[in-house]
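> I am attaching a structure below and will ask some questions about it afterwards.
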Amino acid sequence: MTVTDARTAAPWESLRSAPHNGISAKIAARLFRSAVARLHVSVRLDHPDGTSEQLGLGGPAIVVHRPAEFFARIGRDKLIGFGESYMTGAWSEDGEPADGVLGEFLTVMASDIAQLVPPSLQKLRALVVPRLPRSHRGTTENTQANVAHHYDLSNDLFTAFLDPTLSYSAALFEDLETALTEDFAAAQHRKIDRLLDQAGVGEGTRLLEIGTGWGELAIRAAERGAVVRSITLSVEQQQLARDRIAAAGHAEQVQVDLCDYRALLEEPAGQYDAVVSVEMIEAVGWEFWPTYFQTLDHVLAPGGIVAIQAITMPHDRMLATRSTHTFITKYIFPGGALPSVEAIHEVVDTHTSLRVSDEFGFGAHYAPTLQRWDRAFLESVAQVNGLGFDETFVRMWHFYLEYCRGGFAAGYIDDHQLTFTRPGEES
Numbered sequence: 005m006t007v008t009d010a011r012t013a014a015p016w017e018s019l020r021s022a023p024h025n026g027i028s029a030k031i032a033a034r035l036f037r038s039a040v041a042r043l044h045v046s047v048r049l050d051h052p053d054g055t056s057e058q059l060g061l062g063g064p065a066i067v068v069h070r071p072a073e074f075f076a077r078i079g080r081d082k083l084i085g086f087g088e089s090y091m092t093g094a095w096s097e098d099g100e101p102a103d104g105v106l107g108e109f110l111t112v113m114a115s116d117i118a119q120l121v122p123p124s125l126q127k128l129r130a131l132v133v134p135r136l137p138r139s140h141r142g143t144t145e146n147t148q149a150n151v152a153h154h155y156d157l158s159n160d161l162f163t164a165f166l167d168p169t170l171s172y173s174a175a176l177f178e179d180l181e182t183a184l185t186e187d188f189a190a191a192q193h194r195k196i197d198r199l200l201d202q203a204g205v206g207e208g209t210r211l212l213e214i215g216t217g218w219g220e221l222a223i224r225a226a227e228r229g230a231v232v233r234s235i236t237l238s239v240e241q242q243q244l245a246r247d248r249i250a251a252a253g254h255a256e257q258v259q260v261d262l263c264d265y266r267a268l269l270e271e272p273a274g275q276y277d278a279v280v281s282v283e284m285i286e287a288v289g290w291e292f293w294p295t296y297f298q299t300l301d302h303v304l305a306p307g308g309i310v311a312i313q314a315i316t317m318p319h320d321r322m323l324a325t326r327s328t329h330t331f332i333t334k335y336i337f338p339g340g341a342l343p344s345v346e347a348i349h350e351v352v353d354t355h356t357s358l359r360v361s362d363e364f365g366f367g368a369h370y371a372p373t374l375q376r377w378d379r380a381f382l383e384s385v386a387q388v389n390g391l392g393f394d395e396t397f398v399r400m401w402h403f404y405l406e407y408c409r410g411g412f413a414a415g416y417i418d419d420h421q422l423t424f425t426r427p428g429e430e431s
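Going by my numbering, the first residue of the sequence shown is number 5, and it counts up by one from there.
This is how it looks when you write it as structure tokens:
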């Protein structure tokens, strides 16, 4: 499958001309210069007259090829403009993309994210940052389109850079010092197996998986003797997952349904001994977290266990940004929102009979996971282009992977496996 014009040409139309270099650009330039002046990064501004200007204290280096466009985009569209100016080539890392400099630069920026804008101006945040469009909210009307925007791009695209298990979430490495050279599939299986262990999945377990991916968790659960129902809203994922499950010899044990998680509330309660969900809550939207957890509570049998994997962020940053339209929500995951661990506790305590019984954080493992994906993606650019994805898409995807790596490497975002039980119930 090749990407459609609706997913390539249309989003790039707004990038064809740079915004006006007005007062907002001047403010952006001043703020950027002030921030970089105290950070251990290196920024070279190449001016139209042939002169160059060096900023920063040294470290990961970028080159701003078109400063006027760079500052105009940031001035108008804030962090979205920062990413878009990378997409257009207004700036780039100093060196080859595969060198990892972009991720290192973004790690430094993410480490200082709360101080990049002076506190006096942060008070104006609600007035100047764009809000998530209503069309991106995780309603039943919008959710399938949001999911399709990313996961239905092309199975071949994801195959080009994921490991052989087609796992699209953080791996769990034996040693972070060797994470870039360890057996990647084994590290992904270690992550999956830990979650299944937490949920008590074994022979005869009636397991519900919310968010199928490409079927690897369902296969691992079936190998333990579980009977699995997995639900997804991605047509592309459903088809390939079914094919992979059948090829593994588990078609009789696993069914993969195209189904919104909320539809489970209309089904009889307590049908599943265990429920698992890997990095799906991020697509739900903060307004719908109560419904998501109420659904888990509804479908879980007495004595059952829920185990999820969730990308998280600090509670204060979550509260400040949960309704913000970002580069990621505009181009990568429409409607996405990261919870905090505190928010998850509050939601389940208030809206369900579930309680968090175990927390395991391993966000540090996500940075090398993303770095390995990015390296594989860059090595597959010719293949990606052959699928119909243009150079703007390639720059966008590279920026997305390295942008996320920077967040995890800086500790700004984290990853948790959380286990939920009902107090007083015996499994």
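Positions of the beta carbon are idealized from the N, C-alpha and C atoms, including for glycine.
When you compare the segment 417-424 with the segment 380-390, are there three or more beta-carbon pairs, one atom per stretch, that lie closer than 8 Å?
No: fewer than three Cβ pairs fall under 8 Å.
> So, at 7 Å on beta carbons, what are the nonlocal neighbours of I336 in its own chain, with the 5 sequence-adjacent residues on each side left out?
Working through the sequence shown from its first residue, we reach residue 336 at position 332. Only H154 and Y404 meet the Cβ criterion.
> Could you tell me the boundaries of the alpha helix (DSSP H) in which Q58 lies?
The residue labelled residue 58 in the question sits at position 54 within the sequence shown. Taken as a continuous stretch (DSSP letters only), Q58 belongs to no alpha helix (DSSP H), being part of the beta strand (DSSP E) at S56 to L59.
> Can you pull the DSSP bridge partners for E97?
Within the sequence shown, residue 97 is the residue found at index 93, counting from 1. The partner list for E97 (beta bridge, DSSP) reads I66.
> For the segment 358-378 against the segment 177-193, do three or more pairs of beta-carbon atoms, one drawn from each stretch, fall closer than 8 Å, so that the two count as touching?
Yes, since at least three Cβ pairs between the segment 358-378 and the segment 177-193 fall closer than 8 Å, the two stretches touch.
> For the beta strand (DSSP E) containing L83, list its first residue and its last residue.
As a first step, residue 83 is located in the sequence shown; it is residue number 79 there, counting from the start. That residue, L83, is in no beta strand (DSSP E); its alpha helix (DSSP H) goes P71 to M91.
> Quick check on the burial criterion: 16 or more other C-beta atoms within 10 angstroms. Buried or exposed for L131?
The count along the sequence shown starts at 1 and reaches residue 131 at position 127. Reliability of the predicted coordinates at L131 is poor, the pLDDT of 48 falling under 50, and the value obtained from them is presented with this limitation in mind. Looking at its Cβ environment, which holds fewer than 16 other Cβ atoms inside 10 Å, L131 is exposed.
> Go ahead and pull the three-state DSSP assignment for L161.
Walking along the sequence shown from the start, residue 161 turns up at place 157. In the structure shown, L161 sits in a helix (DSSP, three-state: H, G or I).
> Between which two residues does the alpha helix (DSSP H) containing Q202 stretch?
Counting from 1 along the sequence shown, the entry for residue 202 is found at position 198. Where Q202 is concerned, the enclosing alpha helix (DSSP H) stretches over F188 to Q202.
> With a Cβ-Cβ cutoff of 9 Å, do L35 and S46 count as a contact?
By 1-based counting over the sequence shown, the position of residue 35 is 31. By 1-based counting over the sequence shown, the position of residue 46 is 42. No, these two residues do not count as a Cβ contact at 9 Å.
> Cα-Cα, which of L212, V352, P101 and Y370 is closest to Q298?
Residue numbering aside, residue 298 sits at position 294 when the sequence shown is read from its first letter. Closest by alpha carbon: V352.
> Assign H24 to buried or exposed, taking buried as 16 or more other Cβ atoms, counted over all protein chains shown, within 10 Å of its Cβ.
Sequence index remark: in the sequence shown, residue 24 carries index 20 (1-based). Burial call: exposed.
> How big is the Cα-Cα spacing for A39 and E57?
Here residue 39 refers to the residue found at position 35 of the sequence shown. Here residue 57 refers to the residue found at position 53 of the sequence shown. Their backbone Cα atoms lie some 15 Å apart in a straight line.
> F177: beta carbon under 8 Å from a heavy atom of the ligand NAP?
The ligand content of the structure shown is nil, which means the ligand NAP is not present either.
> Near K195, which residues of its chain fall below 6 Å by C-beta distance, leaving aside the five closest residues on each side in sequence?
Here residue 195 is taken as the residue at index 191 of the sequence shown, counted from 1. A175 and L176, listed in sequence order.
> On a Cα-Cα basis, can you pick out the residue from R359, A341, I315 and T356 that is closest to F412?
Residue mapping note: residue 412 aligns to position 408 of the sequence shown, counting from 1. Cα-wise, what sits closest to F412 is I315.
> Give me the residue from L300, H319, F75 and P318 with the minimum Cα distance to I312.
The residue you call residue 312 lines up with position 308 of the sequence shown. I312 has its Cα closest to that of L300, out of L300, H319, F75 and P318.
> By DSSP, does R233 sit in helix, in strand, or in coil?
Residue numbering aside, residue 233 sits at position 229 when the sequence shown is read from its first letter. Strand.
> Based on Cα-Cα distance, which residue from G63, E17 and H302 lies nearest to Y265?
Locating residue 265 in the sequence shown gives position 261, counting from the first residue. Of the candidates G63, E17 and H302, the one whose C-alpha sits nearest the C-alpha of Y265 is H302.
> Using a Cβ cut-off of 9 Å (strictly closer), state whether C408 contacts chain D.
Looking for chain D here will not work: only one protein chain is present.
> What's the C-alpha gap between L157 and A245?
Counting from 1 along the sequence shown, the entry for residue 157 is found at position 153. Counting from 1 along the sequence shown, the entry for residue 245 is found at position 241. Each residue's Cα considered, the two are about 15 Å apart.
> By Cβ distance, which residues of its chain are closer than 8 Å to T147, with the 5 residues on each side in sequence left out?
As a working note, residue 147 is residue 143 in the sequence shown. The answer, listed in chain order, is L237, D264, A287 and G339.
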